[in-house]
Structures are given as structure tokens and as C-alpha cells.
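Q:
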Amino acid sequence: MNNKAQSLILSTAIHYLVPLLLLFSVFLLMRGHNEPGGGFTGGLVAAVAFELYAISEGTPKVRQLLRIKPLELIAIGLAIAVGSGMIGLFVGDPFMTSLWSGELPLLGKIGTPVIFDVGVYLVVIGVVLTVMLALAEE
Amino acid sequence: MRKWLIALLPLALTFYFASFIPAIAGGETSTATIEWIPSLDIQLSFYIDGLSLLMALIISGIGTLIIIYGGEYLAKDERLPHFYILTLLFMSAMLGVVLARNLIALFIFWELTSITSFLLIGFKHEYEKARKAALQALLVTGSGGLALLAGLVLLGLVGGSFDIPTLFQEAKSIQKDSLYLPILVLVLAGAFTKSAQMPFHFWLPGAMEAPTPVSAYLHSATMVKAGVYLLARFTPILGGTPEWHTLVIGFGSATMLLAAYIALQQTDLKRILAFSTVSALGTLVFLLGVGTPLAIKGAVIFLVSHSLYKGGLFLVAGSIDHETGTRDVNLLGNLRQSMPFTFVGAILATGSMAGIPPLVGFIAKEVVYEATLEESAALLLTGVAVLTNMLTVAAAVLLVIRPFINKAGELPKSPHETPLSMWLGPILLGILGLAAGVFAPAFGANFVEAAINGITQKPKTLHLALWHGWNTMLMLSMITVAGGVIIYIVLENLLPLMHRLRFNDVLSPATAYQKMLDGLLKVADAQTRLLQHGYLRRYVLVIVISTASLVGYTLVTLTDLASIQFEASTSVRVYEGLLFFLIMVAIGVGIRAKSRIAAVATLGVVGNGVALIFLFYGAPDLAMTQFAVETLTVLLFVLAVYRLPLIKEYSGKRVRIRDGLVAASFGIIMTALILMVISSALPSNLTNFFAEYSLPKGKGRNIVNVILVDFRGFDTLAEITVLAVAALGVYALLKWPTNDEKHANPTATQELDQL
Amino acid sequence: MTDFLLVAPIITPLITAILCFFAGERIWLQRSISLIGQALILLSGVLILIQVERDGIQVTQLGNWPAPFGITLVADLFSAIMVTLAGLMGLSVIIFSMAHIDSQRERFGYYPLINVLLMGVCGAFLTGDMFNLYVWFEVLLISSFVLLALGGEQRQLSGALKYVTLNIIASMLFLTAAGILYGLAGTLNMADLSQRLPDIEPSGLTTVVAMLFLVAFGIKAGLFPLFFWLPDSYHIPPVPITTIFSALLTKVGVYALVRSFTLLFVQENEYTHTLLLIIAALTMITGVLGAVAQMEFRRLLSFHIISQIGYLLMGLAIYTPLALAGTVFFMIHVILTKSALFLVSGIVYKLHGTYDLKKLGGFYRSHVWLSILFLLAAFSLAGLPPLSGFWAKFLLVQAGLEDKEYGIVAVALFVSVLTLFSMTKIWSEVFWKPATITTTQPLTRSEWVASLVPLVSVVVLITAIGLGAEPMFRLSQDAADQLFDRSAYITAVLGDNP
Amino acid sequence: MEVLLAILIGSLYAAGLYMVMRRSLVKMIIGLAFLSYAVNLTIFTVGQITRGKPPLIPEGQALPTEPFADPLPQALVLTAIVIGFGLQAFAIVLIKRTYQSVGSDDIDQLEKAASHD
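Below, the structure written as C-alpha cells:
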């Protein structure tokens, strides 16, 4: 798996595919609250993108691209998720009570559940990449 | 020096208790209560009447002497402080037993005596014998203790209180209750194990592994008397019934006679004393079983006399052992010259034991005979008593003549008289025995009367005298002594016969105990090997069988399988039927798969088939997730497992059929259950709420997602935590530096390389 | 305040776990963070306990969604007691770990894992939602999987594999049961379920589902005949891990059994409780026989976990207020006592490098105080007075006799003789017997402190509970009364007009 | 369709358990996967399936169009799938390491490996 993929075509295809997939994953995440999608599916798609990149370019490249360790990604995601839940707690509501902003340009309404979903998204990416990269490097 | 200081503590206690004598002898009782667990009716309450006072005096008085004696005896032992602490602890526990007014408090102190005696018996714990003896004593008395606990709780339930004096009032209703017999048996089990009644007596001779001061204290004067005390205490509650008479007299008389017989065959001083103690305990139990005022009088006097002389004799035995280095009566001799004070102590003690006037033992024996003579089965009971006493007299004679008068053999050490601290005890106890006999009226008025009244709970005055004139009892006494002497004289000739009778083997519960213990270990071993065999698949099998039978049995017995409705709400469409068929085929292939390709393909087909089902039934989010996870799983499988060897079937055909049947029946049960559930389900309580609030308050149009991040976001938080930990686990497993691969089967490694 | 207090035991360990992760190689920082985290759990447990004792059952509706639509956290006395114990055990084990966990494990996420384990445990104790309970079970399971497998030795892996497989099967049964329960009753909130389950026709169907739960929780709790995974795996990881497993994991299973069979599955009491009674008896006996057969310190203790679970179940099976109080009391007792024993085994191992009873010896001479601590704990486990175990057993025995369940009482008493036997076996071999090996590896001063602080505190507690049983008994009685009073629970969760 | 699904679920349980009881590690993994499908389908099926619309609220409406599928079982199954994936990933890697360490895919060898210790 560390070997670069033999096929140049595949490599090139993946080269273009990866950013597209990553974009798509963010799209899935953002629209998940209203249409099928969300943090899980989005995260999985993003992870698949990195995985493809790993297949074509080898795992070191992926780690380089990511800049931070997948395990750290998980921790950050968890922190975001639990933090979004605690916001409610500090304004005197029960844990995970949602708070919403007004309508924002481009992004629509931003609320703590959306932030929570971002946390989920990051955790999923981190988890899949941790597992897959570690296995691939075996 | 220290021993004298420490002895001040029990001495002070003795004086403290002695200060109660006038009041108690005047018929009063005294109570002190500390609330402990009021919600359970358990108080730490203490109660002094004649019986408990007498016991308390024996415990603290003899305890004082034991501390002094032990301090000298164990002077060279570095664990002497342990001896002091444990003995004092034991003493407190024992005082607690006799003073407790609350059944549960009594039980707690009772168990504490078992624990402390366990530690004391095992004092010389570097010897395996001591450890075994300690364990044996603990197990026997501990088991009895648990029976006692059940008995006491039942007694409390039936009698409506844990307070002993209150229970005295309830005696009639308790004895009429259907639970009376179980209560009696359980309480007796506790008392008999503690007081070493046959067949539970064997732990007591074993316990002679303890240092002699401990034996003197625990195994003659105090702990073993706890069972006797219990019987005495409960006489007004449980006594007087035919069941009581039968059981208590039966065990008591058998014990007193047989133990006296066995005692004579021993050659170890302490073992002789131990068996003779068992016999004395039997006598006490026997008397309490008879339960007439005379018998109880006999019991009280004998209790005092036995505590005094047996305590003294154990101390004498300890001194002899200490000075000569042996306890073998065949070896010992001639000690009257080298150990004169000890000899005097021995004479006084054995005299009382043999019932020679004017020692208190004489009075005891007279009263015992008087009591047996007035029974309906007088001939039998008196006969047993006389025979027992003859054997006891013979033992007493032996205890004086062999070590002190006979010629000595080769002794390991040359004996000298012990220091004051060691001969003080025997002499003092002997003098007390003498005083109790000589001043019988005062002894009777101050101690015995109140104690008897404490047992019977029917106050009466008592006149005790040493001399009753020429009567039947005196005749019997004389016959007893004469018989005992004769037995001693012919003992040498009798012994071979006694051994040949092999009576002891038949009557040897010690062997039974050992066999039970071995059997227990064997059963435990076998059971554990049977259940805990270590084979994963058989564990799974047992779990599946258990689940299937629990669920299946309940399904069949508690529900009506006929109520399953097969015409379901949704009909089958062609593509659905096809999908169903496809998945079923894939499952079939999976079961028989021999190659990894087939395995991966199976997983893929089934997983994606399931995703399609989700899609057909309005769950696009689920379908997407399932597709993605499926892809990842296959990838994982390829990455991790693909290098495993070909799939082999290791099990034989019969095993496969067995497993197949079990698994199939589980599957059938699940199918039935699901159909059943579908036909009797209640409508969901939640769906409409979610539909209604998803947009206005959850701000989302994908209800599933709103549930995941908002309505039930907490689930999701936990779920991503699971994912995170799983990832950490995978990471740790794979990155853990290990040199295990080197140890692995080399052929397997080669196999790996080839792949 | 309640909103804050009830989530605190769940999110505090999650936050500390994340912080530990970021602390990375700075092990001292990880330790301190974990210590603070566990102390906070303990503190919030105590505060919840006080508040519940004062004001009755406490509830927080997460996300501010009214029950039964969102997830509700509920603290009654039983939950509060369990959370407090969890915090106490977490704290003790973290302290103990400082002397008894190798640095390799510390670097590979030991502290985050313990924290997450506690998170799952507290979540399970506090949740009032069936599916949420499942999720917390998974949290504590996956962290226990990793804790068990960390180290990667051969025997560790094979023990872990059994543990993982059997527990995954248990989880699947649990999930199946929870799903079916939703299908049947249309709700997941336990209070709501308690209300709706009696409406289901035929009523036996609920009991069928109850059987699935019985097996699922039974595997986790280590009931007969589902306990195999336990003795095959608990003796494998280092002692602090075994200790926390023994103190909390099986107890979560028992907690779930108690909760579900007092709140939900009360339709066929006769049937289910007879069954529970039989299982309780068999669990006690098989467990203790397993212990009797062992010659390995920790394996012996592991088997005792099982037989003690039988006692816990006994109270539930008898099902009177006193009996349930017995179960609660026994729970407090056994968590403390068992931990003390495992901690002793850890210290002994650290000193002599083996768990083999045959090879050990001489500790009474060399370490008198340690011996006394062991003896107190051992006698407490065997139910000897005046230690906590005596009262625990006493309550169960009295409850059983009151309810005329003589059979189970006889078994319970018999098993306690065998418990005593196996405890004295350890005593005799490890402490009394003369030492056979001399290679004692002395502990440093700070290692002694880290070893003894938790051990002494736990033993002091055992003794204190024994000597002053009244407050603990009253607490257990109140907790049991709450368990019996379903309507109070339902009202607390759903409000007055559900 | 419910009947077919019930049969399918039963078969998945049976097949899964049968395979978990095999001695081959690979079969065990497949067995666990089968079981996980069985469980997810169970939740889905008993949660009153409808061949309805997904539980989405169309733009401009306040409620989803009837009949719509019950969203809660879907959320539960989704959670279960993801948790199942986590467990499975760990289990697979554990099996891999066990295999490497024991050197055989015969689960019975594990016991021997453990008892050698």
C-alpha cells in the first residue's frame, strides 16, 4: 500500500477527485440538517477522499497534507462537540440545549447543533484515517 | 514487667465485674444500651444477670492470669505483642458474647471470638499444622456460626424482637411456632460446633497447635463455653420441649462419654486435656438438656469447677512443656521434685477434676448425680454419668502420676521450677477451686444462685453445702473414684484392646472433615474445568443456548404463538423479493465460504443489500451511511485480514450439526419474536413530536439529522466517543512495540510471508 | 444547578480525557488532570446524593426537550450512590496507578481511557433512556476492550479476544432488545416505558423481551451461565485496570438489571423473580467453587466477583424493600471490599513479582500492616462482623427469611463459608506461610504512598460502614424505597401530566 | 414484506451465531458482521416500516408529507451502524494481532497459548 499506485491515469484522476470529494463532504455536512447527509456521511466521504489519496500517493503524503495527526483531529472534534453542548449549560439551560444565530449570509442559520455536527464530522474523519493509515502502514 | 502492667487491664475488669456481685446476688439485673442500628432493632446493649456475671468473672479473671502467664511463656517470641493484642481482643469479644442483650450483637461477638481464635490458633503460623488447625477451627465454628445467624434471625422474626429478655416473655408462642424446630436445630448447630460437641468436636484437639496459654484460655475456660452459655441463655426461650431434651441430651451424653474414653488413649498431655475438655463440655450440654432445676444447678457448679481446674491443668501442661520440651506422658516423670509449685497446682486441679472433697469438683459431681437420679431414665443417664466420671478420674490420676511421680525418660531439657508468673496461675486457680468447695454456702449464695436464676428465669433461693451426709450420691462418688483408679491401674492392659476396637476410626469426624475438604476441592476443580474450559466457541454456544431457552421458553409459555399475524401491512414487490433471495443466497455462500474472495463478496452483498432495504423503506441517510460503512469494512477486511490463511473448517461434522441446530433455533425464535412484536406493537409516542418540532425548534428539515444532533444529540456524543476510543485502540494495538512476532510459531510466520 | 450537576459526572471525564490527550508525553500532567477529573466526579456524586436525599429524584432534560422526546438524565438515590462510588473508585485507581502502571501504557492512552471508562459508567448510572443506556454501555465497553488489550502480549490478546467477542454478542442482544422495546412500546424513555408497557397485549411479550435484557445484562454482570469471559480475562491486565473493572463493570450490569426489573419488567413478577432466584443461587455457587479451585491470587478474586454478583441478584430476586436495600448495601460493600482485595494483590505482586499463591509467602512477618488491611477486607468479603460485608449479608439473609425463601438463604450462607475458606487460603499461603522466595523488590516511598492511600481509605470505609451501619443502611433503605415507588420516578421524569 | 424481513433477520442471526462458533478467526469476523446486520434490521423492522417517504420536511412545508417513515428507528440504526463500525474495526485489528501473535487462525489455539503462559 505504500507503493505509489502504478497507474498514472488513476493517480491523475485521484488528484482531481480528492479536492472534489472533500468539497462534496463539506457540502454534505452543511446541508445535512435539511437534506440527507450530515456529519457522519460527510466525514465518511472526506475520509474516503484521503484514503484514495493514500492509495495513490502513499500514506506519508496524506499525513503531510493533513498537517495534524488524525488522533488530534479526533480530540479536536470531540472538544468541539462537547463544547457546543456546554454553551447551553452556561446560559442556564440544560446540557446540549440549542442556541441559534440569526440568518447569516451564505451559511444560513448557525446554531450549536450545527457546530456539534462539525465536531462529529471531524471525529469521523479522524477515526477512519487513524484506523486506515495505521493499518496501511503495518 | 510489661505483662504485669498489661494484666492490670483484665484485672480492673475483674474487679469491676466483682462490684456487681452484691446487687446481682440480690436478684437485680443491670442493662446498658447504646443505640446502634435502630432501624433494624439492633442495639449494642449489655445485660448483667447472674449467668452473664459469672461468665464475665471467669473470662476476665482467668484472662488476667493468662496474660501474666503468656507474657512469660512467650517471652522469647518476637510476636508477644500480637499475643497480648489478640488475647485482649478475644477477651473483649468473649465478654461481649456473655453480656450482649441483643441477639445480633451477641452473634457479632460470637463471630469475633471465632476470628480472634483463628488468629490465636495459628499463632505459630510458620508450621503447616498450626495453619491447618486454625483453618479447621474457623471453618467448623464459622459454619456453625452461620447456622446460628439464620437461627437467631428466625428467632427474632418469630419472637418479634432481637432483645433477649423480651424473648423470654415470648417463649410460649415461639415454641408453638412451626419454625420452632428449625430455629432449635440452627441454634444448636451453632452451640454444638462452638462447644465441640460430637461430631463437631475434632477441631478442638487440633486447636492444641496453639500456644498453651491460648489453649488454656480459649479451649478450656472461655470460648468453648460460649456454646454452653448460649444453651443456658436460651433455656427459657427454647428449652423444656421434647425436641430440646432429645437433641441436647443425645449429643451431650454421647460427647461426654466418648470423649472421656478417647482422652485416656492419648499420650500428649494437651490432647488428653483437650478430649477431657470435650467430655466436660458434653457433660454441661447434657445437663442443660436435662434442664431440671437440679441439672441446671449441676451445670453451673460444674461450669465453674471445670473452668478453674481445666484452666489450671492447661497452664501446668504448658509449664511442663516449657521446662522439659515435651508433652509426652510416657516420657515425662518425676517433676514433683523439680517443679514443686507446679505440682501443687496440678494436685489441686486434678483433685477437683476427680471430684475429691473438699474441692468444688466434688460438689459438682454430687449435684450431677442427684440430677440424673431424679430423671425418668435415671438408670441410663446416671450410668452414663458414672462411667464418664470414672474415665475422667482415671485421666486425672494419669495426669498426676505420669508426669510428676513416675520415673522420667530422656527429656529434651532438664526441668526447673518456673518463675512466679507461671506457677501463680495454676496455684491461684487451684486455691479458688478449693475455696469454692470449702466455702460452698457463700459460693452458692453469691454466684451459683444468681446464675441458676439467670438460666431458669424463675428466681429461687439456693443452699449449697459441701457435705450432704451419707447418701446415694456419695456412694456413687466413691464408686466413681474407685472405678477410676482401677481403670487407671489396668489402663496399660486395656489400651491394646481399645486400639483394636478401632472405635476411634469409626468415630473420626476429622477424617470425614478431611474427606469433605478434599471432595470440595475436587468438585470445585471439576466444575471449573467443566465450565471455565477456555474455549471461546463453547462459551458462545452456552450463551446462545441459554438465550434461546430463556426467550423460547418464555415465548411459548407466556404468549400465544398463534396470535402472530402473517398478513403484514406491506406486500412484497418483485424487486424486494429478488433482493431477499439474493441476500439469502449470499448468507448461504458466506457460511460455506472457503476463500477470502467469497467471504469479502458475501459481506459486500449482504451489507449493500441491507442498505438497499433501508433505501426502499424511506431511509436515505441510513442507506448512505450503510454504503459508506460497508465500503470501509470491506477495505478494513482486505487490509487487515486478507493475509490470513485460507478459511479452514476445523470442527468435525457432529459439532457443526450441533452448532447449526442451536443457531437455527435461535434464528427461528428471533423470527417468531419479531413477527409477534410487529403484530402487537403500540403506536410510537414520539414520531409526531419530532415531525412537528423539527423545523420550528430544531431548525432542520431532515428529521433524522435533527434527532441525531439535537433531540438525541447526547447519544451521538457518546457514539463519537466510542469511535474515538476504538480508533485509539486500533492505533495502540498496531503501534505497540512488541517482540511477540519472534515468539510466534515460525511456520506461521513463513506462511504469512508467502502471502 | 441540577442541570449542571447531573451531566457533570459524564462530561467531566470526557473533557479530562481530551485534555489528557493533549497533554501527550507530559505524563505528570495527565495524572494531575485525571486526578482532578475523578475528584470532580466524586464531588458531583456526593452533591447529587445530598440533593436527591433532600429534594427527591433529580432530573435534567437534555437539550431542553421535554421527556419522553429527548434524553433525560435521572438521579435517584441508587444512581447517586453508584456515581459516588464510581468517582471514589476512579480516584483510588488513578492514585494507585501512579505506582502500578507501566510508562508504556501511560503513553498509549491509559489515562484518557480510564476517564472515558468512567464517563460510560456514570452515563449508564444516570441515564433515563433505554437506547442511551445502550450507548453508554458501548462507551465503557470499548474503553475496557482497549484497556484490556493494551500491552499486546499473547495471553493478553487471547484473553481480550474472548472478552471482546462475548461482550459484543451481549451488546448485540442488548441492542436487539432495546430496538424491540421501542417497536413494542413506541418510546425509549424508561419512565414512559414503565407507563406504557402494561398496555401491551399479550403481557407475556414484555417478559419475553425482558429475557433478552436479562441475558444481555447478565453477560455484563457475570451471571451464571454467562460469566465465562470474566475469569478468563480479568487477571490479565495490570492490577489497577482489574480493580476498576471489578469495581464498576459487572456492577453496571447489575445496576441495569436492578433498574429494568424494578422499573420496567414487573408484569410477571412470579415468573421472573423465581428465575432470578435460581440464577442467583447458581451464580453464587459456581462462582465460589471456581474461587476455591484457584491457586492464583487474582484469578481467585475474579471468581469471587461472580459469586458476589449472585448475592446482589439475590436481593433483586427476593424483591422486598428490605431485600432491595440489601442489594444496594451489598453493592456499596462489595465494590469497596473487592477493590481493597485487588489492590492488595497488586501490592503483593509489585513486591514479589508473582500471583502464584504457592510461590508467595511470609507477608505477615514482613508487612504486618498490609496483612491487617488484607485481613479486614477478606473477612469483610466473607461477611464476618463487624465489617461491611456482615451487614450486607445480614440484610439479605433477614429479607430472605422474612419472605420464606429458605433455599436461597441456605445457599447464601453456605457460599459464605466457602468464601471464608478461600479467603483464608490466601491468608494462609501469602501471609502466614513462611516465605519461599527472597527476591523482594522494595517499593519506593512515593510508591508506598500511592499504593496505601487508596487501600487504607477503602479499608477504613469498609470498617466504618461495618461499625456504623445505621446511616448506610438508612440510605440503602431509602434507595430501595425509591426503586419500589415507580410512580415517583415517573412523575419526576414526565411531570404531573405525562 | 415484514414476514420476509423477519425470516431474513432470523437467518442472519442464525448464520451469524453459527459462524461465530467456528474455530476460524475469519469466519468469526464474518459472523459478527452478520449479527450486526441482523440487529440493525431488527430495529428497523420492528420500528414499524412503511414504504413511505423519507422523514424530510419539503421546502415550504411545516410537516413531512404523509405517509413518512418513522425517523427515530432510523436515527437509532444510524447510531448503531456507526458504533458497530467502531467495534468491528477494533475487533478486526485485534484478531489480526492475535493471529500474528499466536500464529494460527484456529481459535482453539488461543486457549493453548493462554494456558502455556
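Protein chains in written order, with our numbering: chain H, 27 to 164; chain W, 495 to 1249; chain X, 54 to 551; chain P, 1361 to 1477. The C-beta atom is built at its ideal place from N, Cα and C for all residues, glycine as well.
1) What span of residues does the beta strand (DSSP E) with W/E529 cover, start to end?
2) Starting from the beta carbon of X/T113, find every residue of chain H whose beta carbon is closer than 9 angstroms, and list them in chain order.
3) Decide if W/S799 is buried, meaning its Cβ has at least 16 other Cβ atoms within 10 Å, or exposed.
4) Considering just the uninterrupted stretch of the alpha helix (DSSP H) at W/Q1275, what are its terminal residues?
5) From what residue to what residue does the alpha helix (DSSP H) around W/L1073 run?
6) Spatial neighbours of W/W738 within its chain, please: C-beta separation below 8 angstroms, excluding the five flanking residues on both sides.
7) Could you work out which residue in W/I1085, W/S539, W/F769 and W/K570 is closest to W/I602 when comparing CA atoms only?
8) Within this structure, are the beta carbons of P/I1369 and W/I1168 separated by less than 8 angstroms?
9) Compute the Euclidean distance between the alpha carbons of W/S513 and W/I560, then round it to the nearest angstrom.
10) Here's the rule I'm using: 16 or more other beta-carbon atoms within 10 Å means buried, otherwise exposed. How should X/Y216 be labelled?
11) Following the continuous beta strand (DSSP E) through W/I542, name the residue where it begins and the one where it ends.
12) So, for X/P374: in the same chain, excluding its five sequence neighbours on each side, which residues have a beta-carbon less than 8 angstroms away from its beta-carbon?
13) List the DSSP bridge partners of X/L564.
14) Whose Cβ in chain W lies nearer than 9 angstroms to the Cβ of X/D252?
15) Tell me which residues of the segment 1398-1420 of chain P have at least one Cβ-Cβ distance to chain W shorter than 9 angstroms, keeping chain order.
16) Run through chain H and tell me which residues come within less than 8 angstroms of W/N1196, C-beta to C-beta.
17) Can you find a CB in chain W that lies within less than 8 angstroms of the CB of H/Q90?
18) Is there at least one Cβ from chain X nearer than 8 angstroms to H/A80's Cβ?
19) In angstroms with no decimal places, state the Cα-to-Cα distance between H/A31 and H/L78.
20) Between H/L34 and chain W, is the shortest Cβ-Cβ distance under 8 angstroms, so that the two count as touching?
21) Kindly list, in the order they appear in chain X, the residues whose Cβ is closer than 8 angstroms to that of H/V108.
22) Would you list the one or two residues that DSSP bridges to P/L1416?
23) At least one CB of chain H closer than 8 angstroms to the CB of X/G212: is that the case?
24) Among X/G257, X/R107 and X/L302, whose alpha-carbon lies nearest the alpha-carbon of X/I362?
25) Taking the straight line between their C-alpha atoms, what separation do you get for W/G650 and W/A587?
26) Using the Cβ count rule (16 or more neighbours within 10 Å means buried), how would you classify X/W189?
27) By how many angstroms is the C-alpha of W/W697 removed from the C-alpha of W/L551?
28) Does X/P577 pass the burial test, meaning 16 or more other C-beta atoms within 10 Å, or should it be called exposed?
29) Beta-carbon separation of P/A1374 and W/G1161 under 8 angstroms?
30) Using a Cβ cut-off of 9 angstroms, pull out every chain X residue sitting near P/G1446, in sequence order please.
31) Hey, could you find the ends of the alpha helix (DSSP H) P/E1362 is sitting in?
32) For the 8 angstroms Cβ check, are there 3 or more pairs between the segment 191-208 of chain X and the segment 503-511 of chain X?
33) Give the range of the alpha helix (DSSP H) segment to which X/I297 is assigned.
34) Do you know whose CA, among X/V464, X/V421 and X/G143, lies nearest X/I388's CA?
35) Quick one: which chain X residues come within Cβ less than 8 angstroms of W/L724?
36) Straight-line CA distance for H/A72 to W/D1019?
A: A quick look at the data gives this:
1) What you label residue 529 of chain W is simply residue 35 of the second sequence in a count that begins at 1. From DSSP, the beta strand (DSSP E) with W/E529 extends over S524 to I531.
2) The residue given as residue 113 of chain X occupies position 60 in the third sequence. The answer, in chain order, is P120 and F121.
3) Numbered from its first residue, the second sequence carries residue 799 of chain W at position 305. When all chains shown are included, W/S799 counts as buried.
4) This structure leaves residue 1275 of chain W out entirely; chain W is present only between 495 and 1249.
5) Against the second sequence, residue 1073 of chain W aligns to sequence position 579. Element bounds for W/L1073: V1068 to R1086.
6) Stepping through the second sequence from its first residue, residue 738 of chain W is reached at position 244. L678, L732, G783 and G785, listed in sequence order.
7) Your numbering for residue 602 of chain W matches position 108 in the second sequence. Ranking W/I1085, W/S539, W/F769 and W/K570 by Cα distance to W/I602 puts W/S539 first.
8) Start at 1 with the first residue of the fourth sequence, and residue 1369 of chain P comes out as number 9. Start at 1 with the first residue of the second sequence, and residue 1168 of chain W comes out as number 674. It is a contact, given that the beta carbons lie within the stated cut-off.
9) What you label residue 513 of chain W is simply residue 19 of the second sequence in a count that begins at 1. What you label residue 560 of chain W is simply residue 66 of the second sequence in a count that begins at 1. Rounded to whole angstroms, W/S513 to W/I560 spans 22 angstroms at the Cα level.
10) Residue 216 of chain X sits at position 163 when you count from the first residue of the third sequence. Result: buried.
11) The count along the second sequence starts at 1 and reaches residue 542 of chain W at position 48. It spans I536 to I542 - the beta strand (DSSP E) in which W/I542 sits, taken as one unbroken run.
12) What you label residue 374 of chain X is simply residue 321 of the third sequence in a count that begins at 1. Correct list, in chain order: Q530, A533, D534 and F537.
13) There is simply no residue 564 of chain X to check, as chain X begins at 54 and stops at 551 in what is shown.
14) Position 199 of the third sequence holds residue 252 of chain X. What X/D252 touches in chain W: L1176.
15) A1398, N1400, L1401, T1402, F1404, T1405, V1406, G1407, Q1408, I1409, T1410, R1411, G1412, K1413, P1414, P1415, L1416, I1417, P1418 and E1419
16) As a working mapping, residue 1196 of chain W is identified with position 702 in the second sequence. Near W/N1196 (Cβ distances below 8 angstroms), the residues of chain H are G58, H59, N60, E61, P62, G63 and G64.
17) Position 64 of the first sequence, counted from the start, is the residue given in the question as residue 90 of chain H. No, no contact with chain W.
18) In the first sequence, residue 80 of chain H corresponds to position 54, counting from 1. False, the Cβ-Cβ gap to chain X never drops below 8 angstroms.
19) Reading the first sequence from its first residue, position 5 is the one you call residue 31 of chain H. Reading the first sequence from its first residue, position 52 is the one you call residue 78 of chain H. Here H/A31 scores only 46 on pLDDT, less than 50, and its place in the model should not be relied on; the value that follows carries that caveat. Cα to Cα, the separation comes out at about 10 angstroms.
20) Within the first sequence, numbered from 1, the residue matching residue 34 of chain H stands at position 8. No, H/L34 lies away from the interface with chain W (no Cβ there is under 8 angstroms from its Cβ).
21) In the first sequence, residue 108 of chain H corresponds to position 82, counting from 1. Within chain X, the residues near H/V108 are I64, L67, I68 and I71.
22) Numbered from its first residue, the fourth sequence carries residue 1416 of chain P at position 56. Beta-bridge pairing links P/L1416 to W/N1196.
23) What you label residue 212 of chain X is simply residue 159 of the third sequence in a count that begins at 1. Chain H, which has no Cβ nearer than 8 angstroms to the Cβ of X/G212, makes this no.
24) Looking up residue 362 of chain X in the third sequence gives position 309. Nearest C-alpha to X/I362: X/L302.
25) Residue mapping note: residue 650 of chain W aligns to position 156 of the second sequence, counting from 1. Residue mapping note: residue 587 of chain W aligns to position 93 of the second sequence, counting from 1. Using only the alpha carbons, I get a separation of about 22 angstroms.
26) Mapped onto the third sequence, residue 189 of chain X falls at position 136. Classification of X/W189: buried, given that the 10 Å Cβ count is 16 or more.
27) By 1-based counting over the second sequence, the position of residue 551 of chain W is 57. By 1-based counting over the second sequence, the position of residue 697 of chain W is 203. For W/L551 and W/W697, the distance between alpha carbons rounds to 26 angstroms.
28) Here chain X has residues from 54 to 551 only, and residue 577 of chain X is not among them.
29) One-based indexing of the fourth sequence puts residue 1374 of chain P at position 14. One-based indexing of the second sequence puts residue 1161 of chain W at position 667. Yes, the pair counts as a contact, with Cβ atoms nearer than the cut-off.
30) The sequence position of residue 1446 of chain P within the fourth sequence is 86, counting from 1. Near P/G1446 (Cβ distances below 9 angstroms), the residues of chain X are E191 and I195.
31) Sequence index remark: in the fourth sequence, residue 1362 of chain P carries index 2 (1-based). Looking at the DSSP string, the run of the alpha helix (DSSP H) that includes P/E1362 is E1362 to V1380.
32) no
33) Here the question's residue 297 of chain X lines up with position 244 in the third sequence. It spans V292 to I297 - the alpha helix (DSSP H) in which X/I297 sits, taken as one unbroken run.
34) One-based indexing of the third sequence puts residue 388 of chain X at position 335. Comparing Cα positions, the closest option is X/G143.
35) Locating residue 724 of chain W in the second sequence gives position 230, counting from the first residue. Those within 8 angstroms of W/L724 in chain X number zero; the least Cβ separation is about 16 angstroms.
36) Here residue 72 of chain H refers to the residue found at position 46 when the first sequence is read from its first residue. Here residue 1019 of chain W refers to the residue found at position 525 when the second sequence is read from its first residue. Roughly 55 angstroms separates the two Cα atoms.
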